[in-house]
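Asker:
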Amino acid sequence: MSQPVEPNPNTISRIHTACKECVFALYNDKTQVGCEMGLLDKYKSKDTTIIEAYDEDKEFYILNNRKCIGFRKNSWFNKFGDNLTLQDKKEKVLDSFKLRYMLLMDLKRFTTDSL
């Protein structure tokens, strides 16, 4: 009987997020050093595998087996105008996390018998 093979932690899953093009990725020259939204630290605290990667342009992080809720390319902000600061962009993303619905129930119509 063969032993189960442990997955290589540096193998990039089909589900992942490369921070390279995210507007919130913080860089020192061409090397990513953090996340303006603080999400890298949150994912690290949840034991997400974070892979250090690079290409011909930059060194960046990849969240393996996760989709980052804060990942946004600059083009996502085009609908809000041209002059957004980084703080404005952060607020737009945080605002997009909010639930946008309201539920009204007429409690006069319900009785314990109808439940």
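Going left to right, the sequence shown walks through residues 22 to 136 as my numbering numbers them. Every residue, glycine too, gets a C-beta built ideally from N, C-alpha and C.
1. Classify Cys40 as helix, strand or coil using the three-state DSSP reduction.
2. So, with DSSP's three-state summary, where would you put Tyr64?
3. The ligand NAD and Asp103: does any heavy atom of the ligand fall closer than 7 Å to the residue's C-beta?
4. Thr52 bridges to which residues according to DSSP?
5. Tell me which same chain residues have a C-beta within less than 6 Å of the C-beta of Tyr82, skipping the five on either side of it?
Answerer: Judging by the given coordinates:
1. helix
2. helix
3. Absence of the ligand NAD is noted for the structure shown, with no ligands found whatsoever.
4. Asn49, Glu80
5. Cys40, Gln53, Ile71
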